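Notes follow the structure.
4 protein chains.
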Amino acid sequence: MSGVGVIGAGYWGPNLIRNFVAGGAYDEVFACDKDAKRLDSICKQIPSVRGYADVEELLANPAVEAIAIATPVRTHFALAKAGLARGKHVLIEKPMTFNSREAEELIALAASKGLMLMVDHTFLFTGAVEKMREIVKSGELGPCYYIDSVRVNLGLFQNDVDVIWDLTPHDLSIIAYALDAHPKLIRAIGHSCAGQGMVDVAYLSVEYHEGFSAMFHASWLSPTKVRRMVVAGSKRMIVWDDMEAVDKLRVYDKGVELKRLSAEDPSKIQVEYRTGDVSVPKLEATEALRKMTAHFADCCRGKATPICGGEKGLDVVRVLEASTISLKNGSRAVAIEDGALVPV
Amino acid sequence: MSGVGVIGAGYWGPNLIRNFVAGGAYDEVFACDKDAKRLDSICKQIPSVRGYADVEELLANPAVEAIAIATPVRTHFALAKAGLARGKHVLIEKPMTFNSREAEELIALAASKGLMLMVDHTFLFTGAVEKMREIVKSGELGPCYYIDSVRVNLGLFQNDVDVIWDLTPHDLSIIAYALDAHPKLIRAIGHSCAGQGMVDVAYLSVEYHEGFSAMFHASWLSPTKVRRMVVAGSKRMIVWDDMEAVDKLRVYDKGVELKRLSAEDPSKIQVEYRTGDVSVPKLEATEALRKMTAHFADCCRGKATPICGGEKGLDVVRVLEASTISLKNGSRAVAIEDGALVPV
Amino acid sequence: MSGVGVIGAGYWGPNLIRNFVAGGAYDEVFACDKDAKRLDSICKQIPSVRGYADVEELLANPAVEAIAIATPVRTHFALAKAGLARGKHVLIEKPMTFNSREAEELIALAASKGLMLMVDHTFLFTGAVEKMREIVKSGELGPCYYIDSVRVNLGLFQNDVDVIWDLTPHDLSIIAYALDAHPKLIRAIGHSCAGQGMVDVAYLSVEYHEGFSAMFHASWLSPTKVRRMVVAGSKRMIVWDDMEAVDKLRVYDKGVELKRLSAEDPSKIQVEYRTGDVSVPKLEATEALRKMTAHFADCCRGKATPICGGEKGLDVVRVLEASTISLKNGSRAVAIEDGALVPV
Amino acid sequence: MSGVGVIGAGYWGPNLIRNFVAGGAYDEVFACDKDAKRLDSICKQIPSVRGYADVEELLANPAVEAIAIATPVRTHFALAKAGLARGKHVLIEKPMTFNSREAEELIALAASKGLMLMVDHTFLFTGAVEKMREIVKSGELGPCYYIDSVRVNLGLFQNDVDVIWDLTPHDLSIIAYALDAHPKLIRAIGHSCAGQGMVDVAYLSVEYHEGFSAMFHASWLSPTKVRRMVVAGSKRMIVWDDMEAVDKLRVYDKGVELKRLSAEDPSKIQVEYRTGDVSVPKLEATEALRKMTAHFADCCRGKATPICGGEKGLDVVRVLEASTISLKNGSRAVAIEDGALVPV
């Protein structure tokens, strides 16, 4: 008998539970929440799920071979550490931890115990991101010029993290995966507009070691919901509009070519525009969360190598941490050097 | 007999000429361009227009009471100075000058001569900007939370200015006018992606004395043309999509309200969302350039006070200058203090 | 103890079941389906639901005071008749029956037994239709000019009804309700494009006694999903785009005014266009099906008068029947006269 | 010296004049209009154009080798006949004539004189229609299922023709050209909504000899401007949205496939949906009117065969005439048999 326990039955936990149940990789799915009402609700909806009010009891059950942590960010570290200490594989919601030190400790602990540690970067499993990675890998995109991403809407205000920690982990993990990119320099500009004390409108600028830059605009205070990412390469430019019901990804055969006008004077160049067809590729439609939970089970059982293991989660946390430092220092840049954050 | 002379018959000059002719405020409209082909072309299209190959000859014509300068930015100062020296009223294309020192000198010269000095911030005369200003003035918007503006497309690369100097003067003049806002702190993030040597993808962040901030995204390297500005207030949020053929402005009765949950503990607040109707006001449809040229003639004749006089042009140039300093200093902030630019 | 039994657990039945359960107007909700797999599936999802494989057994249960019929159209009549015969209130999916004779018989039977007979015209309970009716009732729309509705997508092909019977009942019931309109003359144009034997692309034209006409375009063979209705009045024009995630309804203050140019010659008229603001009213967001099921319970208990009683369902069926006659007669018109269908 | 004379300087004539001037195929371009103000206006705008107030004088000028007629429809026949009688090639605005008899007479006259007679079906020269024809010709579309076209907006009301005669000639000529299609059976449904006496909202149904049908919706009373055509084939489905600034044409690899489930029973079929990529082909961007006027000059000089000669114009007029008969006969169908219109 193999089982998985989901800790936290608030907003996201029930989605994990449903997908673990439907995926069938585990014989039993357990739910754990201190809030009796929430626990009761999910157990009534899915009668096969067994509920625990106490984490210790869940972890004491030998049938639980893995846990998934869907609680507020500040509690991730302690829960994950307890799970690993009891020999459980661990899946953590994004962002992985409250700081990189915690993430590093979890990674070391999982490694020493030979356990799987994975972060739920769900978007990596969408058809859109898979297709973007495919286009990059094939060379079709050409060298990347820049990335511009907008992820804004009205609400949901968080209590324990600002809007950068809340929304940009999606974009950071997507770019890291789709372009195999590694952050080098971070700047953050943020505003506390609504008077609630948290930065609620923000711009996160990231320069990557691979030679391009990205700007991530995140907001809890936008009149309309926008989920739009541009990945501009020299050969192709991709626009991903996740608010479209279908046809979310457009690939533009558009760009700029520089012609040197004089052999002697290299500054004499002429810009020429290229405008070709647009293609709207069909995207794989399986629900991303279903694929993520299946991938986690496979990784725990040695059948797959994680695409969003602890190290990837740590990479994201480092950028978030750098953003907080930058915000405190008047948007000064923060470099990531050998894993350390260095204000520049 | 009253006349106006337009210097520069390249991309924008012919538009000025056409509108001065159609407006009828001047008895004669003159065109001036060193390039014989361009001059010939506009004179053939509008036979009533008389052409000059030489600026000196144009300025020597006593019928010319005003000139409009639509040449590359680096030539604005010398031409405007020559015009003012000869007693002509002067209209300059945006951006006004290459640096604030030049702009200041022109303002002083015009003042000393009692001449009109105006900058062609055409967008101030659109129905959309007029309506935005009206909504702000009426108090309907409430205190401004933030501004987010995107002005991007593929091309047109400029030779003498970067993408911030090329595109953001529109947005800077719009915000200054619609919200009576004064820039305080500037940061710029820019990339030279296409290898042409100029910053071609950029983000300009401006904090205003009035307590809100704006982010202006400008790019010559976007696969799609976007002209979209969000002005978010606590009572209303405006979205202006200038790519819409009609119904460009949407006013959302949307926002956030904070409810204090405890009299003792002010940190216990609850965020509540408000979602009401959306309205799409009818916009005044007269061509903006027609209104701007008429306004210029009125101002020259003392019938109106300019909404985009030299001081307004200088305000924009100062922000652009600050952006260049910020770009050179790794995006460090630059403050505007009593008209001086101070890196912070 | 009061109970409701839903017959048919295929595509739509589970939605009814979920809403009856969540609404709480009935102490017990029963499901009935010959297909053991489907029955099992819904009972597992909602453990409080008790399943019946046999309709007779369901009807024999005295706790069942009402039934909802969500089976193929050809079976509606027999099931509803059996239910009424056993003294149950009856809710039927649209279209109510296979022909008007069956609908008339059910109406008479329900009346003689003092039972409620209602048709599930779900769209009447959406915020969009409620708002449209409100605009019409207030006089804001002015006299109606015409209605144009498009309801098309790729699939779902039905086996027992053509695309007119499948899709236009929505539009027919909406117009009847929002404008208190009564069909007078019907024409149908239809094509069997995909070779499956059924009319799969169709246009249904309806003239109403109230002086305006409507065209309903229905298709199973459209590359894109379109749900768009225009209700054009002399004072306002409404566009309802149900594919929009938010802001589905737009009310245009647009129209035409005729000015008589000569007192003697009434033919000398000049058309003037009026273009004013557009408003996007906030719509009531409660799920329509929840409201419909609550309304049904209220009607059964005498607390409300049905807005989609049997007579309304019959009105729709008559138009559908007329469309079939028209299709067979080369799109000749069919009049509805005192409830009879008369080819003209 | 070769010249072309454009008769009618109202709405469309100036566009023809500009394009004849810019195209350079004629040494001289003449304008002719009884209205002195309109004539004066175009001659001032383009000083090289010589104006005639009188058609006879224009036709008497031996330099005029061709005329273009851009006057109200009822005057087309007499003007074209006079031109042909004087030995001029003739280009006529759509619709070609007020009835098919007139069109037939002009065709015969042109043939007997060896002169070119062409109708200005401008849309045939757009990149979108060229690409549609290419997709059809290549076999990529597969057999056509159906066509659905919407061409509606608020205004411009015409005085001498109804909305079908005004707007559908575009669609009729496009389908005839892009699909090499020949109309067989016509039905029209029309309403006079605004009380101006003319049919202002209409639906024109056309069955083609080639086995598919089309519906053309035309309206002068729509709150929004829509220009949208669907050409659905068994292999591909094309959506042409002419209101899009760019990316007007989308080609969907979408459709339906029927699988026979039983060798014995041919009625046992299963519908399967195919959903593949979407492509947005780059369209040739040269102005259509420029290409049309050049094509006309080439045809007059025997360098090209007209794609919209008199016979094509006649085909369109026959459908329009049939629509008027259908409207008068309660939307009864009208067949085109060997060029004759036969109510069925």
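Chains as they are written, first to last, in my numbering: chain Z, 7 to 350; chain W, 7 to 350; chain H, 7 to 350; chain P, 7 to 350. Positions of the beta carbon are idealized from the N, C-alpha and C atoms, including for glycine. Computed from a prediction, not measured in an experiment: that's the story for all the values here.
- Boundaries of the alpha helix (DSSP H) harbouring H:Thr299: 294-306, taken from the DSSP string.
- Cβ proximity to chain Z below 7 Å picks out Arg193, Ile195, His197, Cys199, Ala200, Gly201, Gln202, Val207, Tyr209, Ser211 from the segment 189-216 of chain W.
- Within the DSSP bridge table, the entry for P:Tyr58 names P:Cys38 as partners.
- Look at P:Met249: its C-beta is under 9 Å from a C-beta on chain W.
- Along the segment 272-296 of chain W, the positions whose C-beta sits under 7 Å from a C-beta of chain H are Thr281, Gly282, Asp283, Val284, Ser285, Val286, Pro287, Lys288, read in chain order.
- No Cβ of chain P is located within less than 9 Å of the beta carbon of Z:Arg242.
- Within the segment 89-140 of chain H, the runs of beta strand (DSSP E) at least 3 residues long that lie entirely inside it are, in chain order, 95-99, 123-126.
- Counting other Cβ atoms within 10 Å of its Cβ, W:Pro349 stays below 16 and is therefore classed as exposed.
- Per DSSP, H:Asn21 is one residue of the alpha helix (DSSP H) stretching across 19-29.
- If you draw a straight line from the Cα of W:Gly201 to the Cα of P:Leu185, it is about 46 Å long.
- Taking 3 residues as the shortest admissible run, the segment 138-221 of chain W contains the following complete beta strand (DSSP E) segments, listed from N- to C-terminal end: 150-160, 189-197, 207-214.
- Between the alpha carbons of W:Ile342 and W:Met102 lies a distance of about 18 Å.
- The beta-carbon distance between H:Ile48 and H:Ala59, rounded to whole angstroms, is 13 Å. This is too long to meet the 8 Å contact definition.
- Here P:Trp226 is not bridged, per DSSP, to any residue.
- With respect to the 9 Å criterion, W:Arg324 and W:Leu289 are not classified as neighbours on the basis of their beta carbons.
- Cα atoms of W:Ile192 and Z:Tyr258: separation of roughly 33 Å, rounded to the nearest angstrom.
- Remark: C-beta atoms of P:Asn25 and P:Thr292 do not approach each other more closely than 9 Å.
- For W:Leu121, same chain residues with a beta-carbon under 6 Å away, outside a window of 5 residues either side, are Leu90, His95 in chain order.
- For the segment 32-60 of chain Z, the set of residues with a beta-carbon nearer than 7 Å to any beta-carbon of chain H comprises Pro53, in chain order.
- W:Cys314 is not a Cβ neighbour of W:Val135, given a cutoff of 9 Å.
- Our two residues, W:Val27 and Z:Val212, have alpha carbons roughly 50 Å apart in a direct line.
- Ranking W:Met243, W:Ser337, W:Thr330 by CA distance to the CA of W:Val142 puts W:Met243 first.
- Looking from the CA of Z:Glu216, the closest CA among Z:Tyr151, Z:Trp246, Z:Ala72, Z:Val236 belongs to Z:Tyr151.
- Membership of H:Val286 in any alpha helix (DSSP H) is not indicated; the residue belongs instead to the beta strand (DSSP E) covering 275-286.
- Under a 10 Å Cβ-count criterion, Z:His223 is classified as buried, with 16 or more other Cβ atoms of the shown protein chains found around its own Cβ.
- Of the residues assessed, Z:Tyr214 falls on the buried side of the cut-off, its CB having 16 or more other CB atoms within 10 angstroms.
- A direct Cα-Cα distance of roughly 36 Å separates P:Gly308 from P:Arg256.
- In this structure, the straight-line span from the alpha carbon of Z:Leu45 to that of H:Ala15 is close to 28 Å.
- A straight line joining the alpha-carbon of H:Lys254 with that of Z:Val245 spans about 25 Å.
- Counting other Cβ atoms within 10 Å of its Cβ, H:Glu71 reaches 16 or more and is therefore classed as buried.
- Distance between H:Ala86 and H:Arg234, taken at the CA atoms: about 33 Å.
- For W:Arg242, the secondary structure class from DSSP, reduced to helix, strand or coil, is coil.
- DSSP links Z:Gly11 through a beta bridge to Z:Phe36, Z:Ile73.
- For H:Leu160, the chain P residues whose C-beta falls within less than 7 Å of its own C-beta are Lys260, Tyr279, listed in chain order.
- Distance from the Cα of Z:Trp226 is smallest, within the candidate group Z:Lys318, Z:Val237, Z:Asp206, Z:Arg266, for Z:Asp206.
- H:Ala269 sits in coil when the DSSP states are folded into three classes, being neither helix nor strand.
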